[in-house]
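Quick notes on the structure that follows.
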Amino acid sequence: MKKNKKTAATAAMFATALNMALGSVTPDTVPTLSVKADEPDYEPSAEYVEEVYGPPEFFTTTATEDAYDPATETETTMAVVYGPPSMMTTEYDPYGNENPAVYGPPSFFAQGDINWDGSTDVFDLIRLRQEYSDSQTNDKYYGYTEYDVNSDGRLSIADLVALNRFLLGRSTNLDWYYDGDEEPMPQPEYGAPEYLDEDEIVTTTMMPDNTSEETTTATYPVYGPPIAFD
Amino acid sequence: MLDVRTKNNNMTKLAEYREGLKTKPQLRNLFLELTLRCNERCLHCGSSCGDVSSDELTVPQYEKFLKEVKEDFGTDNKMLCITGGEPLLRKDFFDIMGIANQLGFRWGMTSNATLIDDEVANDLKKVGMGTISVSLDGLPETHDAFRRTPKGWERAMKGIESLIKVGTFKSVQVTTVVTHQNIGQLWELYKILRDMDIDSWRIINMDPIGRAKLHPELLLTKEDYVYMIEFIRTMRIAGEPVTYGCSHYVGLEYEREVRDWYFLCTAGTYIASIMANGDITACLDIERRPEFIQGNILKDRFSEVWNNKFQIFRKNLCDENEKCSSCKEKDFCHGGSYHTWDFDKHEPQVCFKDILF
Ligand SMILES: C[S@@+](CC[C@H](N)C(=O)[O-])C[C@H]1O[C@@H](n2cnc3c(N)ncnc32)[C@H](O)[C@@H]1O
Ligand code: SF4
Ligand code: SF4
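Protein sequence lines, in the order shown, are assigned to chains U and A. Under numbering that gives the first Met the number 0, the residue at position 74 of the first sequence is numbered 73, and the numbers go up by one with no gaps. Under numbering that gives the first Met the number 0, the residue at position 352 of the second sequence is numbered 351, and the numbers go up by one with no gaps.
Next comes the structure, spelled out in structure tokens:
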């Protein structure tokens, strides 16, 4: 697929948001992701007729052109050389591991496999984002659990960034944030983290590809259109 | 991820702008449905096309109509969007588009591309086609089954290659309609499209319109919708030219992040459509009820219809329904896409409240 100014500008916009999140992660601050979505003097009537089939676009995205920052450009270039591994399937048996590692995350879940469905994909990102926002108001222990994607002993925006980068193929190591020199945090008891309520675990978030074997479980929503109203 | 306050501001301005459009519409996209006939018979076809009979306008009728449009509106800032059925099934396709081109209209089309080879692609260039959107609805087997056309995928791919070979089009786009059946194939499809020289990939969900209503099992589930929207955003973060379509308000978090603009259904304010038989309406995807036919180009002058009728499209759908009118998002959503409004029950058939926001 072709890349152009517009896609670069879009990627730069997102990259800036992610960079800002990364730059300000410290143990005690929770950064807000806030990159302006468009130029401030947005003028809806100034748009062009959409060139590609389909009803029109409202304005051209020259959004970040003026304020093009070299730092964001580096990110954009990375985005453009984006590699293939967007979905990784990891085979594992949740109960088969009798010798959990002493240090590092308990290995009965694959790193990045937040929802325990055996693969690391966009669903995990969604689940992680939900959990991250919940974590702002609860006092669960997240260190070295599946939510602690980068194994730094806590759940923070950096875990979201790490997983996102991984899914985008920008990093191959989910631990990329982890500084090996640091003393690992105390490990939770072996076994499933106790706060995990079994009922809450979404077991089939992978899209079934139409074989009956895969379209199972009660957690999967019923087929049919979204319910507009109950 | 992006700043919600800015989005909020922009969408507020857009809502004001939309108010103005209702009284001062600006014709920009004129859809011409050249035929209802199609060499494919997609399970989901919103216009119920296929091996059907179709009243069609003649070349002179199109010529007269296009000249009038030019006289009344000019050709600046106008785009003809050619669609069907499969437009290339018309033997006189190149005559009609040759006339449009000579009159100075810019135009693009949607096609299944199965009828495009090197020669056709060259002819399309000669008659001034600017953009094209080709349907690919999943991996080969799924695409063929869904479109009920053996070798449909293979031929569409050849068509795309021919278009790319000609190379001078402004945009060669692929459109994928996502269903509950093919959603698991998006990543695989991406790997194929990534290596092709297409300009963009438009990903839209199957909407419950036309024949798709007969296949509720193919509609996306709540979870599918979230997956699709996240997929699009992830692609855009990666700098890929992937976009959602014009439809459906997706909520403050995703608006502007899955497309280059904010939701606004412009059926009847920017968009008018001429059906295969000459009937005038706003958008071809809207349910074809008698009350939506605003006239017919064989008996009415289009500009008069556009200026004096169309009131039915220039209002807020959300006012018709209690849930929408008490919804916090209604100033940005306005009741959603016209084409998925249920005009019997007066409620949206697709609403992402509690799914995406
Ligand atoms: C009606 S077709 C006409 C052009 C051409 N025959 C083709 O197949 O692309 C235009 C576009 O509308 C899409 N479409 C048809 N029914 C739909 C539905 N129920 N929901 C969403 N998109 C739909 C098609 O997949 C195609 O991309
Ligand atoms: S009716 Fe639907 S397809 Fe037509 S402009 Fe509105 S949202 Fe887009
Ligand atoms: S309830 Fe109505 S106004 Fe609110 S988001 Fe849904 S469709 Fe839009």
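Built from N, CA and C at the ideal position, the CB exists for glycine as well.
Run of the alpha helix (DSSP H) containing residue i, from where it starts to where it stops
| i | result |
| --- | --- |
| Asp94 of chain A | 92 to 102 |
| Val125 of chain U | The identity of residue 125 of chain U in the sequence shown is Ile, whereas the question assumes Val. Taken as a continuous stretch (DSSP letters only), the alpha helix (DSSP H) holding Ile125 of chain U covers 121 to 134. |
| Ile197 of chain A | Here Ile197 of chain A belongs to no alpha helix (DSSP H), and DSSP marks it neither H nor E. |
| Tyr224 of chain A | 221 to 236 |
| Asp278 of chain A | Element bounds for Asp278 of chain A: not the alpha helix (DSSP H) but the beta strand (DSSP E), 278 to 280. |
| Pro215 of chain A | Counting along the chain, Pro215 of chain A falls outside any alpha helix (DSSP H), and DSSP gives it neither H nor E. |
| Tyr189 of chain A | 185 to 193 |
| Tyr357 of chain A | As displayed, chain A neither begins before 0 nor continues past 356, which places residue 357 of chain A out of reach and without an answer. |
| Asp117 of chain A | 117 to 125 |
| Glu65 of chain A | The sequence given here has Leu at residue 65 of chain A, not Glu. Run containing Leu65 of chain A: 58 to 72, per the alpha helix (DSSP H) assignment. |
Beta-bridge partners of residue i, as assigned by DSSP
| i | result |
| --- | --- |
| Ile270 of chain A | A:Asn28, A:Ala266 |
| Arg36 of chain A | A:Gly49 |
| Glu321 of chain A | According to DSSP, Glu321 of chain A bridges with nothing at all. |
| Val176 of chain A | A:Ile203 |
| Tyr243 of chain A | A:Ile202 |
| Asn315 of chain A | Answer is none; Asn315 of chain A lacks a bridge partner. |
| Trp340 of chain A | A:Pro347 |
Whole-angstrom distance between residue j and residue i, CA atom to CA atom
| i | j | result |
| --- | --- | --- |
| Cys323 of chain A | Leu159 of chain U | 34 Å |
| Gly168 of chain U | Cys80 of chain A | 37 Å |
| Thr82 of chain A | Phe30 of chain A | 7 Å |
| Met156 of chain A | Leu188 of chain A | 12 Å |
| Gly151 of chain A | Glu229 of chain A | 29 Å |
| Thr178 of chain A | Ser46 of chain A | 17 Å |
| Thr113 of chain A | Arg154 of chain A | 5 Å |
| Asp122 of chain A | Val58 of chain A | 18 Å |
| Leu26 of chain A | Thr11 of chain A | 23 Å |
| Val241 of chain A | Pro215 of chain A | 26 Å |
| Thr63 of chain U | Val225 of chain A | Because the pLDDT of Thr63 of chain U is 33, which lies under 50, any placement of that residue in the model is unreliable, and the number read from its coordinates should be weighed accordingly. Taking the straight line from one Cα to the other gives about 27 Å. |
| Gly335 of chain A | Ser150 of chain U | 42 Å |
| Asp223 of chain A | Asn295 of chain A | 40 Å |
| Val173 of chain A | Lys139 of chain U | 45 Å |
| Lys327 of chain A | Gln135 of chain U | 24 Å |
| Thr265 of chain A | Ile285 of chain A | 12 Å |
| Thr34 of chain A | Glu67 of chain A | 21 Å |
| Phe13 of chain U | Phe93 of chain A | 43 Å |
| Glu290 of chain A | Lys124 of chain A | 38 Å |
Delimiting residues of the beta strand (DSSP E) encompassing residue i
| i | result |
| --- | --- |
| Leu79 of chain A | 78 to 82 |
| Gly129 of chain A | 128 to 134 |
| Ser170 of chain U | Segment: none, Ser170 of chain U is in no beta strand (DSSP E) and carries neither H nor E. |
| Gly107 of chain A | 105 to 110 |
Nearest candidate by alpha-carbon position, reference residue i, set the options
| i | options | result |
| --- | --- | --- |
| Asp194 of chain A | A:Ile202, A:Glu239, A:Tyr224 | A:Glu239 |
| Leu219 of chain A | A:Asn121, A:Ile285, A:Pro24, A:Val349 | A:Val349 |
| Met128 of chain A | A:Asn100, A:Leu283, A:Leu185, A:Asp343 | A:Asn100 |
| Glu15 of chain A | A:Thr74, A:Asp330, A:Glu321 | A:Asp330 |
| Val171 of chain A | A:Asp143, A:Ile191, A:Arg201 | A:Arg201 |
| Asp78 of chain A | A:Lys124, A:Arg40, A:Asn28, A:Glu39 | Reading the sequence as shown, one finds Met at residue 78 of chain A and not Asp. The shortest C-alpha separation from Met78 of chain A is found at A:Asn28. |
| Arg426 of chain A | A:Lys90, A:Asp75, A:Ser132 | The structure shown does not extend to residue 426 of chain A, since chain A is modelled only from 0 to 356, so the question has no answer here. |
| Glu42 of chain U | A:Tyr261, A:Thr167, A:Thr280 | A:Tyr261 |
| Phe64 of chain A | A:Asp206, A:Gly277, A:Ala120 | A:Gly277 |
| Ala275 of chain A | A:Leu20, A:Gly84, A:Arg40 | A:Gly84 |
| Ser246 of chain A | A:Thr109, A:Leu102, A:Tyr337, A:Tyr269 | A:Tyr337 |
| Leu251 of chain A | A:Val304, A:Phe351, A:Asp91 | A:Phe351 |
| Thr148 of chain A | A:Gly49, A:Thr175, A:Gly97, A:Trp186 | A:Gly49 |
| Ile131 of chain A | A:Ile159, A:Glu39, A:Ile285 | A:Ile159 |
| Asp299 of chain A | A:Glu55, A:Leu135, A:Thr280, A:Asn204 | A:Thr280 |
| Arg313 of chain A | A:Phe356, A:Leu263, A:Lys344 | A:Leu263 |
| Gly107 of chain A | A:Glu118, A:Ala237, A:Leu87 | A:Leu87 |
| Asp136 of chain A | A:Gln293, A:Gly183, A:Asp116, A:Met96 | A:Gly183 |
| Phe72 of chain A | A:Ala271, A:Ser325, A:Asp206, A:Cys332 | A:Ala271 |
| Thr5 of chain A | A:Phe168, A:His43, A:Phe145, A:Glu256 | A:Glu256 |
Exposure of residue i, with buried meaning 16 or more beta-carbon neighbours within 10 Å
| i | result |
| --- | --- |
| Tyr253 of chain A | buried |
| Val51 of chain A | exposed |
| Asn9 of chain A | buried |
| Gln310 of chain A | exposed |
| Arg288 of chain A | exposed |
| Tyr61 of chain A | buried |
| Asn306 of chain A | exposed |
| Leu166 of chain U | buried |
| Asp353 of chain A | exposed |
| Asp147 of chain U | buried |
| Glu346 of chain A | buried |
| Ser44 of chain U | exposed |
| Glu32 of chain A | buried |
Chain C residues whose Cβ lies nearer than 8 Å to that of residue i
| i | result |
| --- | --- |
| Thr119 of chain U | Annotation note: the requested chain C is absent from the structure, which comprises protein chains U and A. |
Could you name the residues whose beta carbon sits closer than 5 Å to any heavy atom belonging to ligand 5, keeping them in chain order?
Questions concerning ligand 5 fall outside what the structure shown contains, since the ligands it does hold are ligand 1, ligand 2 and ligand 3.
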